[in-house]
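Right, one structure below, let's go through it.
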């Protein structure tokens, strides 16, 4: 793609990088075949290629974003399926991130939408606030039909019926390895996940310790910054990421770390990108070190190797590949291989490369498109007649779980069970314990 940025524009590192990305696009349209929003809406501007044209026009002309451009950029899930498909290696992730930051800086949204985005950015990344908000939303659920906005109704629909109690096991502390330690790892405990399903961190710690890892939860660890990053709120997301970088660097420079473990793939994609995010920052070197240590829990377990994975029932497991894992981190076969090694029968749905519609806050901000994607995903999963659905991302788990009666659990919970841990609560509640 030909571009015409001025030398003054290219002096900005973000614009220079976007120029490189734009020039790598050859207009082939392969991306349209795997773009979820294009498959649903059929609008070229709701495909990666169409959005690339909109972004190019906006950035080249230093144009104040118009409503049309913002609408089509907002509809992007950032599922990154287009990057897996693209034969030219177009770095769409960083291009759309730049576009969102530009929109946030130059576009004034309607008052209600500004308030809603501000509220989400002030609640979701903070576990105590999020828990309080869920409690309040639960009380408001009976009045759902009175709410005038579909986004508010979607937020109430996503509130779990039972909010798990606060779990102190994911607060800063050190868990010794069972037996002789072979690795020292830090665990990123997340933010929303800690509230919605604390058993995921419990299972992760249990699994790692059983396999010879000393697990450290560093002081000062918190939200990875992904939620605000994808809203274009760069200052907020970088402040959260910087706190993590500093906390993890302190451990790395102290007793050392062999890996930074992440069990929410959406967070993993962001943490692995810290080097890019901070490339022009004084924290650049430390950010790159942490990004290089970041590993999904399945990557580490595949490297260590499962031990005595004989304790679980051989259930039929439908594996849902989270977009942030298969497209963002290019991890596809590893989770399925581990589950198979653990004795489960693994099946995978048709169109497994297509997003379930969760995508961070997308299911709250774009409920109609998200709902259609959820219905399609649930239909393909249920067609497999599984006893359980497994996924590696809390957002996907909540999204799919809200549309099916089949229990949805994290991959790490199944691996923990198979190697001697307790049966996941979701399976026990479904009567699959015996």
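Numbering (the numbering used here), first residue to last: 8 to 441.
Glycine residues also receive a C-beta, built at the ideal position from the N, C-alpha and C atoms.
A quick note: this is a predicted structure, and the numbers were derived from the prediction, not measured.
| query | result |
| --- | --- |
| For residue 62 and residue 34, the rounded distance between their alpha carbons | 14 Å |
| Alpha helix (DSSP H) runs wholly inside the region 81 to 132, at least 4 long, in chain order | 88 to 92, 99 to 113 and 118 to 130 |
| Option in 304, 303, 285 and 302 with minimal Cα separation from residue 295 | 285 |
| Distance between beta carbons of residue 428 and residue 3, contact taken as under 8 Å | Beyond the ends of the chain as shown, which are 8 and 441, falls residue 3; an answer cannot be given. |
| Cut-off 7 Å between Cβ atoms - residues of its own chain near residue 2, not counting five sequence neighbours on either side | Outside the displayed span of the chain (8 to 441) sits residue 2, for which this structure offers no information. |
| Per DSSP, the bridge partner or partners of residue 195 | 269 |
| Backbone secondary structure at residue 216 - three-state DSSP | helix |
| Any 3 or more C-beta pairs closer than 8 Å across the region 340 to 349 and the region 365 to 384 | no |
| Chain-order list of residues whose beta-carbon lies under 7 Å from that of residue 56 (same chain, five-residue window excluded) | 34, 36, 38 and 39 |
| Under the three-state DSSP convention, the category residue 430 falls into | coil |
| Delimiting residues of the alpha helix (DSSP H) encompassing residue 337 | Element bounds for residue 337: n/a, residue is neither H nor E. |
| The region 379 to 388 / the region 88 to 99 touching (three or more Cβ pairs under 8 Å) | no |
| When 112, 104, 52 and 78 are compared against residue 71, the one with the closest alpha-carbon | 112 |
| Close Cβ partners of residue 66 (< 7 Å) along its chain, the five nearest in sequence each way excluded | 22, 25 and 109 |
| Cβ-Cβ distance between residue 114 and residue 77 below 8 Å | yes |
| Sub-8 Å separation of residue 107 and residue 80 beta-carbons | yes |
| Sufficient close CB pairs (3 or more, under 8 Å) joining the region 272 to 280 to the region 288 to 306 | yes |
| Helix, strand or coil at residue 353 [DSSP, three-state] | strand |
| Outcome for residue 422 when other beta-carbon atoms lying within 10 angstroms are tallied against a minimum of 16 | buried |
| Delimiting residues of the alpha helix (DSSP H) encompassing residue 64 | 55 to 67 |
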